[in-house]
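Colleague:
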Amino acid sequence: ESDCGPPNMNVHFFQRRSSLQIYGDPKDGIAKLTIIPINRELSNHIIFIVGNGRQRQLPLSSSSTTVIFVNRHYRDTITLVFDEPIMEITLRGPITKYEGGIRTGNAEVFIPYESHESLMRFTGRIAA
924 ESDCGPPNMN
934 VHFFQRRSSL
944 QIYGDPKDGI
954 AKLTIIPINR
964 ELSNHIIFIV
974 GNGRQRQLPL
984 SSSSTTVIFV
994 NRHYRDTITL
1004 VFDEPIMEIT
1014 LRGPITKYEG
1024 GIRTGNAEVF
1034 IPYESHESLM
1044 RFTGRIAA
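Residue numbers (this note's numbering): 924 to 1051.
1. Quick one: give me the first and last residue of the beta strand (DSSP E) that Thr1002 is part of.
2. Please classify Val1004 as buried or exposed, where buried requires at least 16 neighbouring CB atoms within 10 angstroms.
3. Quick one, which of Leu956, Arg939, Phe936 has its alpha-carbon nearest Ile1018's?
4. Excluding the 5 residues preceding and the 5 following Thr954 in the sequence, name in chain order all residues of the same chain whose CB lies nearer than 6 Å to its CB.
5. Pro960 lies in the beta strand (DSSP E); which residues open and close that run?
6. So the beta strand (DSSP E) Arg1015 belongs to, where does it begin and stop?
7. What does the alpha-carbon distance come out to for the pair Ser987 and Leu965?
8. Just confirm the distance between the C-beta atoms of Ile1001 and Ile958, as a whole number of angstroms; I'd bet it's less than 8 Å.
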């Protein structure tokens, strides 16, 4: 594996069945994603996204839970890559699947295994 840190330019494609991308803000709500792995011996992973209009209280959590708080001054895309392939992702609350550029005003999730696309990461810089 090569050094993918600056100043070296590198492109890395994430595995389609093991990655997803979340962006946007569930506003005054709490969005919930349940990540169900193909390997049924593993527990499901639950991700809560708490909107910037909500108080910063933690939803019920366990060792397989992640909570993301949206800051009203800073919103970014979050790419998650799992060690095991994903069988299914369920959504509850103010979050929808990415529909090719149609913005819903809530949080959205891009699921690469449902399309022919994959997520990739660029690192490094381009010299002028």
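Beta carbons: idealized from backbone N, C-alpha and C, even for Gly.
Modeller: Reading from the atomic positions:
1. Residue 1002 sits at position 79 when you count from the first residue of the sequence shown. Taken as a continuous stretch (DSSP letters only), the beta strand (DSSP E) holding Thr1002 covers 1001-1004.
2. In the sequence shown, counting from the first residue as 1, residue 1004 sits at position 81. Exposed, because fewer than 16 other Cβ atoms sit within 10 Å of the Cβ of Val1004.
3. Walking along the sequence shown from the start, residue 1018 turns up at place 95. The shortest C-alpha separation from Ile1018 is found at Leu956.
4. As a first step, residue 954 must be located in the sequence shown, where it is residue number 31. The sequence given here has Ala at residue 954, not Thr. Answer for Ala954: Ile972, Gly1016, Pro1017, Ile1018, Ala1030, listed in chain order.
5. Start at 1 with the first residue of the sequence shown, and residue 960 comes out as number 37. 953-960 is the span of the beta strand (DSSP E), which, as asked, contains Pro960.
6. Here the question's residue 1015 lines up with position 92 in the sequence shown. Run containing Arg1015: 1009-1015, per the beta strand (DSSP E) assignment.
7. Position 64 of the sequence shown holds residue 987. Position 42 of the sequence shown holds residue 965. Using only the alpha carbons, I get a separation of about 10 Å.
8. Position 78 of the sequence shown, counted from the first residue, corresponds to residue 1001. Position 35 of the sequence shown, counted from the first residue, corresponds to residue 958. Not quite, the Cβ-Cβ distance comes to about 13 Å (not below 8 Å), so this is no contact.
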